[in-house]
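The sequence shown begins at 216 in the numbering used here and counts up one residue at a time.
For each residue, glycine too, the CB sits at the ideal point set by N, CA and C.
Just so you know, these numbers come straight off a predicted model, no measurement behind them.
Worksheet for the structure shown next.
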Amino acid sequence: KKVMKKLQSQNSELLGMGILDRMASVLSEVLKTKQVFATVHSAVMICVLFGALLTGVVTMGTATLRKGSGKASDLARILGCLAPAGLLVAGHFNGVSKVLRSPSVDLCEALQMLLRMAGLVLANDDTPAAFAVFQAASLLTKISGDVASGSLAKDVGLVRGDWHKLVDSHVAAILLPILLGLLWLGLRHLRSSTLLSATAVLSTLTSPVALALAWPQVTKLLGSSQNPEGLTKLISILYGVTAAGTLISGGSIGMLSVMVVVQILTRIH
């Protein structure tokens, strides 16, 4: 609501821009705060996850109809796993909707990280090596960013002071899944020295120190302001294009997933 009010106050300024500049300004403003970015990212990942599940159900259902009971057992297992989750959400919809109406920053970030780790674990051996490299580099950059901001030392310090707080802490919700995800990627996908080297190079180039040194030089070449908000705006645009491309590339399944998630969120809010 705060973001929408700010955009409404800038309505006259936005109308004077071109369509691309308008979209870039809206994206950068919407994704500027940590809570909104985590919420949007979680919604995008839920759309992708729903699309993947729907694709699996449709594929196995079609194969079952064609070949009799060849894939019936796999389809039954998937539906058996989804049924308890569906019943749980349906039976406690009011409570779940209350939590989702005003999610905290920690909940949004933990949900986003949980969905991300689930995607990494479910990635099979046919997954392109570049996927694992970019994911590992991103997770390492997340850790280096927390180190630079001081949040990692703060979170670890709270747990060291009282180990009983480990279960309900940022360390258990964010840091441990990141470490487990890195371990999984290293053991399952990043076995060659080439992939590990590529991961190290990417994580170094996207670290806070490297960005702080490189961004002013880039702005000099582009002739733009050295304000860090320019980098945030660029990253927001790239994220928006990537998210939209991911959902559009899903075809009819991707569009259906987006519409279902939007309808669910609309009913909740």
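Asked	Found
Nearest neighbour of A351, chosen from V374, G469, S366, S422 [CA to CA]	S422
Nearest-angstrom Cα separation, counted from G334 out to Q327	11 Å
Residue range of the alpha helix (DSSP H) that includes S422	Element bounds for S422: n/a, residue is neither H nor E.
Residues near F252 by beta carbon distance below 6 Å, same chain, minus five either side	L246
Whole-angstrom C-beta distance between L446 and W430, which should lie under 8 Å	5 Å
Any non-hydrogen atom of the ligand FMN closer than 7 Å to V259 Cβ	This structure simply doesn't include the ligand FMN, nor any ligand for that matter.
Continuous alpha helix (DSSP H) stretch holding L354: start and end	344-364
Simplified DSSP assignment, three categories, for K247	coil
G396, DSSP secondary structure in three states	helix
The region 388-397 / the region 349-367 touching (three or more Cβ pairs under 8 Å)	yes
D207 - DSSP class collapsed to helix/strand/coil	Because the chain is modelled from 216 through 484, residue 207 falls outside the range shown and cannot be assessed.
CB contact flag (L264, L330, <8 Å)	yes
Under 8 Å between C-beta atoms of T342 and H404	yes
Backbone secondary structure at A427 - three-state DSSP	helix
Coarse secondary structure for H256, derived from DSSP in three states	helix
Close beta carbons around I209, own chain, < 7 Å, minus the five adjacent residues each side	No statement about residue 209 is possible, as the shown extent of the chain runs from 216 to 484 and does not include it.
Rounded C-alpha distance that separates V456 from T434	22 Å
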